[in-house]
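Enquirer: I'd like to ask you about the structure that follows.
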Amino acid sequence: MKTIAFIVQQTMIFSIPLLVVGMGGMYSERSGVINVGLDGGMIMGAFTGTLFINRMQGVISGQGLLLLALLVAGLSGFIFTIFHAFASINLKANQVISGTAMNMFAPAFAIFAARLVFGTQQVPFRDTFFIRRIPLLGDIPIIGPLLFQNAYLTTYIGFLIFFIAWFVIQRTPFGLRLRACGEHPGAADTVGIDVQRMRWAGTLISGFLAGIGGLAFVVPTSTESNATVYGYGFLSLAVMIFGQWRSQKILGAAFFFGLMKTIASAYSAIPGIKDLPIPATVYKMIPYIATLIVLIFMSKRSQAPAAEGIPYEKTGR
Amino acid sequence: MSDSGKNKDHEFKNKPLVDAGRQAVPEEELSLSHQARTKGFYSFFASLMAIITGLLVGVIILLIANPSRAGRGLLTILKGGMTGSPTQFGQAIATAIPIIMTGLSVAFAYKSGLFNIGASGQFMVGGVCAVFVAIKGTMIPASVLWLVCMLAAIVGGAVWGSVPGILKAYFKVNEVITSIMMNYIGMYLVKIIIEQTIYDSRYARAQNVPVRAEIPTLGLDTAFPGTNLNISLVLCFIFCLIIFIISSRTVFGYELTAVGLNPDASRYAGINSNRTVITAMIIAGALSGIGGFMMYLGGTGVYMETNEIVALQGFNGIPVALLAMNHPIGVFLSGLFIGQITIGGENLQLHGYSKEIIDMIIAVIIYCAAFSLIFKQMLSRIVSGIKKNRKRAGGRRQGPGRNVRADESEVSS
Numbered sequence: 000m001k002t003i004a005f006i007v008q009q010t011m012i013f014s015i016p017l018l019v020v021g022m023g024g025m026y027s028e029r030s031g032v033i034n035v036g037l038d039g040g041m042i043m044g045a046f047t048g049t050l051f052i053n054r055m056q057g058v059i060s061g062q063g064l065l066l067l068a069l070l071v072a073g074l075s076g077f078i079f080t081i082f083h084a085f086a087s088i089n090l091k092a093n094q095v096i097s098g099t100a101m102n103m104f105a106p107a108f109a110i111f112a113a114r115l116v117f118g119t120q121q122v123p124f125r126d127t128f129f130i131r132r133i134p135l136l137g138d139i140p141i142i143g144p145l146l147f148q149n150a151y152l153t154t155y156i157g158f159l160i161f162f163i164a165w166f167v168i169q170r171t172p173f174g175l176r177l178r179a180c181g182e183h184p185g186a187a188d189t190v191g192i193d194v195q196r197m198r199w200a201g202t203l204i205s206g207f208l209a210g211i212g213g214l215a216f217v218v219p220t221s222t223e224s225n226a227t228v229y230g231y232g233f234l235s236l237a238v239m240i241f242g243q244w245r246s247q248k249i250l251g252a253a254f255f256f257g258l259m260k261t262i263a264s265a266y267s268a269i270p271g272i273k274d275l276p277i278p279a280t281v282y283k284m285i286p287y288i289a290t291l292i293v294l295i296f297m298s299k300r301s302q303a304p305a306a307e308g309i310p311y312e313k314t315g316r
Numbered sequence: 000m001s002d003s004g005k006n007k008d009h010e011f012k013n014k015p016l017v018d019a020g021r022q023a024v025p026e027e028e029l030s031l032s033h034q035a036r037t038k039g040f041y042s043f044f045a046s047l048m049a050i051i052t053g054l055l056v057g058v059i060i061l062l063i064a065n066p067s068r069a070g071r072g073l074l075t076i077l078k079g080g081m082t083g084s085p086t087q088f089g090q091a092i093a094t095a096i097p098i099i100m101t102g103l104s105v106a107f108a109y110k111s112g113l114f115n116i117g118a119s120g121q122f123m124v125g126g127v128c129a130v131f132v133a134i135k136g137t138m139i140p141a142s143v144l145w146l147v148c149m150l151a152a153i154v155g156g157a158v159w160g161s162v163p164g165i166l167k168a169y170f171k172v173n174e175v176i177t178s179i180m181m182n183y184i185g186m187y188l189v190k191i192i193i194e195q196t197i198y199d200s201r202y203a204r205a206q207n208v209p210v211r212a213e214i215p216t217l218g219l220d221t222a223f224p225g226t227n228l229n230i231s232l233v234l235c236f237i238f239c240l241i242i243f244i245i246s247s248r249t250v251f252g253y254e255l256t257a258v259g260l261n262p263d264a265s266r267y268a269g270i271n272s273n274r275t276v277i278t279a280m281i282i283a284g285a286l287s288g289i290g291g292f293m294m295y296l297g298g299t300g301v302y303m304e305t306n307e308i309v310a311l312q313g314f315n316g317i318p319v320a321l322l323a324m325n326h327p328i329g330v331f332l333s334g335l336f337i338g339q340i341t342i343g344g345e346n347l348q349l350h351g352y353s354k355e356i357i358d359m360i361i362a363v364i365i366y367c368a369a370f371s372l373i374f375k376q377m378l379s380r381i382v383s384g385i386k387k388n389r390k391r392a393g394g395r396r397q398g399p400g401r402n403v404r405a406d407e408s409e410v411s412s
């Protein structure tokens, strides 16, 4: 039981950022804009979020501070992504190139700005956010230890974001319009939907979620941010493609990958595995190999938005 | 009026050819050769505009960080490795070499519509194959050892590149996601290979590459003392040239471009698009692998590490390719340029700036390159405006529109 609880708790830490950022990527791509710059957005979020925590931790602490920091992180991702949206939507730029530029800029900017503020490239912060046990909920047998002990607030916020994001894109007129712009912008335009505006909305939402995901990745795994999220933005992109651009499948993909990652990094704590005569590094390959294999089996049914990556020209209808 | 128009024109095309063409060559042929020329010019100009914009942003960043030294900072960036110190010059070249190869890899894959974000993995696997052969290949004669190492790197990189290619061709799996996965798998594989076979536990990295396996210098290091040069740069240029010839002068290159532009149409035209995609990825992987070989066997004191970081040289190939608009010869030049300003960035630290300013400048340059189409459109609009004026002034001999139409097709291509 203890082992299972441990695995679930660890899986949450790995999966939640992937889930949040993957959902963000989905918003962008289903509105018709490819956002390869998710990694950059995460780095910006992680940087500004931890900077905010660092500056404010003397004033407030605990969950309130984390909530505010997540908001700041989201906003910074939002602002950062304006550049990508402007280039891809208004200037009809090559979206992969623009996204790559975003990915290059963010870590450089984070190091540069951290050096200006601290003199070092790391942004340290005090972790006052760990929740050992939520009162009442944590005492429920089975579910309590699995979901409400040794956790971070980001886990619950991540689920909340998932449900809101799923509801908005699948059940509201806004979501329907957004999806239409990714599938057939010409048709959307003829019924009076402002395609450019919808794409701006989709891209900026992806930036906001990427920022939040960045901080949600750093806070549970470290006590400083170092201008990198270890390629999690790219992994989120992979999770989104793995999840076939659909909310529930992205949820599944994020947790599949998170579970694999947990097994890979915590194998020594899982009885039976640690005694095998295999180099430790082999386990670390497992998440990536498993994803490749699953992709092969799920292939040929790609449900990518039909118009993603193609700038919309009113006259080109 | 007519004269001034002509003079403007001469900046873009060769005078004798055009003048001869006016009389002898039918207009269609003229506009074709003219099209190729101006297209190249527009691309070059667009890249130049991007670089200038990037440097302007760099100046702003320098001013924000420390206004008093911004002028000297900019000068340092522009000088790059050309500070008069041969060591720095050599460093700039050594920085350029691997990213030229990975850039070439990215550019080549891009021709067939594939975004090879996996150059890093191919680079690392190619590198470890070369280093492994260099250390363990004691029975191979020294004269050919470096060549064998290069072959090993080619095989390693090609195998790593082929996986996304095969999955893309036969299973329709998005190559971006498979490449990303292959980067990580490659990173861990390299770690395992090093730790199990050629580990130097004192420094927690791969063992030194024996001198006998290093890439030959052919006297370049003595001709330019202190630079530590070897023939890698020459090899890079040859590879760029080969790729240029393959992609623009062969049937395979034509098929590659056709598949890149429209896989369905090219399949309909009888091109085996699966085979084309796989071959493109194998070649792209091999090129990145050679980059790894050149980096670790260059005798410049870099060793393969086991620190679980995906090699940056692969990712840095992407801006090199993009800045060159995926032109193989352009890749060579843009790689040298980025190598130069990277060293400029190292020197920036002498003025109290952080070297990441260079990365920001490069990012802005790439960002501007992303909407190079806008630059091109602007240019061609100006040029066609000049042409229209000239035509109006120089009588109305030809029917309207033909040249203008040629310009429009340039823009859309």
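Residue numbers (numbering that gives the first Met the number 0), protein chains in the order written: chain C, 0 to 316; chain P, 0 to 412. In this text, a Cβ means the ideal position worked out from N, Cα and C, and glycines have one as well. All values derive from a computational prediction rather than experimental measurement.
On the DSSP letters alone, give me the boundaries of the beta strand (DSSP E) that C/A86 sits inside.
Expert: No beta strand (DSSP E) holds C/A86; DSSP gives it neither H nor E.
Enquirer: Distance, Cα to Cα, C/Y151 vs C/F129?
Expert: Their backbone Cα atoms lie some 5 Å apart in a straight line.
Enquirer: Output, in sequence order along the chain, the residues in the region 282-315 of chain C whose CB is closer than 7 Å to any CB in chain P.
Expert: For the region 282-315 of chain C, which is checked against every Cβ of chain P, the residues closer than 7 Å are K283, M284, Y287, I288, T290, L291, L294, I295, S298, K299 and S301.
Enquirer: Decide yes or no for the touch test of the region 200-208 of chain C against the region 18-36 of chain C: beta carbon pairs closer than 8 Å, at least 3 of them.
Expert: Yes, they touch.
Enquirer: Checking the sheet assignment: what are the DSSP bridge partners for P/I179?
Expert: For P/I179, which the question treats as bridged, DSSP gives no partner whatsoever.
Enquirer: Against P/L234, what residues of chain C qualify as contacts under a CB-to-CB distance less than 7 Å, listed in chain order?
Expert: Near P/L234 there are no residues of chain C at all, since even the closest Cβ is about 27 Å away, more than 7 Å.
Enquirer: Is the CB-CB distance between P/S353 and C/I42 below 8 Å?
Expert: Not in contact: P/S353 and C/I42 (Cβ atoms no closer than 8 Å).
Enquirer: Under a Cβ-count criterion, where at least 16 other Cβ atoms within 10 Å of its own Cβ denotes burial, should P/P140 be classed as buried or exposed?
Expert: Counting Cβ neighbours within 10 Å, P/P140 comes out exposed, since fewer than 16 surround it.
Enquirer: Can we count P/R201 as close to the ligand GDP, meaning its CB is less than 7 Å from some heavy atom?
Expert: Of ligands this structure carries none, so the ligand GDP is not represented either.
Enquirer: What residue range is occupied by the uninterrupted alpha helix (DSSP H) comprising P/I270?
Expert: That residue, P/I270, is in no alpha helix (DSSP H); it is neither H nor E in DSSP.
Enquirer: Provide the residue(s) that pair with P/D199 in DSSP beta bridges, ordered along the chain.
Expert: P/D199 pairs with P/R204.
Enquirer: Can you check which of these residues, C/A305, C/M11, C/K260 and C/A112, is closest to C/L50 by C-alpha distance?
Expert: Checked all of C/A305, C/M11, C/K260 and C/A112; the closest Cα to C/L50 is C/A112.
Enquirer: In chain order, what residues of the same chain lie with their CB nearer than 6 Å to the CB of C/A4, ignoring the 5 residues before and after it?
Expert: So the qualifying residues of the chain are P144 and L145.
Enquirer: Would you say C/L323 faces chain P, with C-beta separation under 8 Å as the test?
Expert: Coverage of chain C is limited to positions 0 through 316, which leaves residue 323 of chain C absent and any answer about it impossible.
Enquirer: Taking only three categories from DSSP, how would you classify C/A150?
Expert: Looking at C/A150 - three-state DSSP - the assignment turns out to be strand.
Enquirer: Can you tell me the Cα-Cα spacing of C/Y287 and P/Y41, whole angstroms?
Expert: Answer to the nearest angstrom: the Cα atoms are 42 Å apart.
Enquirer: Since I believe C/M103 is in contact with C/F82 (beta carbons under 8 Å), could you give me their beta-carbon distance rounded to a whole number of angstroms?
Expert: That pair is no contact at about 12 Å.
Enquirer: Straight-line CA distance for C/E28 to C/L159?
Expert: Distance between the alpha carbons of C/E28 and C/L159: 21 Å.
Enquirer: Classify P/I342: buried if its beta carbon has 16 or more other beta carbons within 10 angstroms, exposed otherwise.
Expert: It counts as buried.
Enquirer: Hey, how far is the Cα of C/K283 from the Cα of P/V363?
Expert: Answer to the nearest angstrom: the Cα atoms are 35 Å apart.
Enquirer: Is the beta carbon of C/L294 less than 8 Å from the beta carbon of P/V172?
Expert: Yes, these two residues count as a Cβ contact at 8 Å.
Enquirer: Could you tell me which of C/L66, C/P16 and C/I6 sits nearest to C/A253, measuring between CA atoms?
Expert: If we check each option's Cα against that of C/A253, C/P16 comes out closest.
Enquirer: What's the gap between the Cα of P/I59 and the Cα of P/R68?
Expert: Distance between the alpha carbons of P/I59 and P/R68 is about 12 Å.
Enquirer: Quick check on DSSP: helix, strand or coil for C/R178?
Expert: Three-state DSSP puts C/R178 in a helix.
Enquirer: With a cut-off of 8 Å on the beta carbons, I'd call P/I76 and P/I357 a contact; round off their distance for me.
Expert: Indeed they touch by this definition, with Cβ atoms about 7 Å apart.
Enquirer: Where P/S111 and C/P172 are concerned, what is the direct C-alpha to C-alpha distance, given to the nearest angstrom?
Expert: Their backbone Cα atoms lie some 38 Å apart in a straight line.
Enquirer: Listed from N- to C-terminal order along the chain, which residues in the region 116-128 of chain P have their beta-carbon within a distance smaller than 9 Å of any beta-carbon of chain C?
Expert: Taking 9 Å as the Cβ-Cβ cut-off against chain C, the residues of the region 116-128 of chain P that qualify are I116.
Enquirer: Listing by chain order, which chain P residues have their CB less than 8 Å from the CB of C/L18?
Expert: Chain P residues near C/L18: none, gap ~17 Å exceeds 8 Å.
Enquirer: Does C/P106 pass the burial test, meaning 16 or more other C-beta atoms within 10 Å, or should it be called exposed?
Expert: That one is buried.
Enquirer: Which residues of the region 301-319 of chain P have a Cβ closer than 7 Å to any Cβ of chain C? Give them in chain order.
Expert: If the cut-off is 7 Å between Cβ atoms, the region 301-319 of chain P has V309, I317 and P318 near chain C.
Enquirer: So, does the CB of P/N325 fall closer than 8 Å to a CB anywhere in chain C?
Expert: Output row for P/N325: interface = no.
Enquirer: Rounded to the nearest angstrom, what separates P/I214 and P/Y253 at their Cα positions?
Expert: Distance between the alpha carbons of P/I214 and P/Y253 is about 34 Å.
Enquirer: My output table needs one value for C/R131: the three-state DSSP class, helix, strand or coil.
Expert: Strand at C/R131.
Enquirer: Which value, in whole angstroms, describes the spacing of the CA atoms of C/S97 and P/Y366?
Expert: Each residue's alpha carbon lies about 5 Å from the other.
Enquirer: Taking a cut of 9 Å between CB atoms, which residues from the region 163-177 of chain P lie near chain C?
Expert: Of all residues in the region 163-177 of chain P, L166, Y169, F170, K171, V172, N173, V175, I176 and T177 have a Cβ within less than 9 Å of some Cβ in chain C.
Enquirer: Under 8 Å between beta-carbons, which chain C residues line up against P/M375? List them in chain order, please.
Expert: It is Lys, not Met, that sits at residue 375 of chain P in the sequence shown. Under the 8 Å cutoff, chain C gives no residues; its nearest Cβ is about 12 Å from P/K375.
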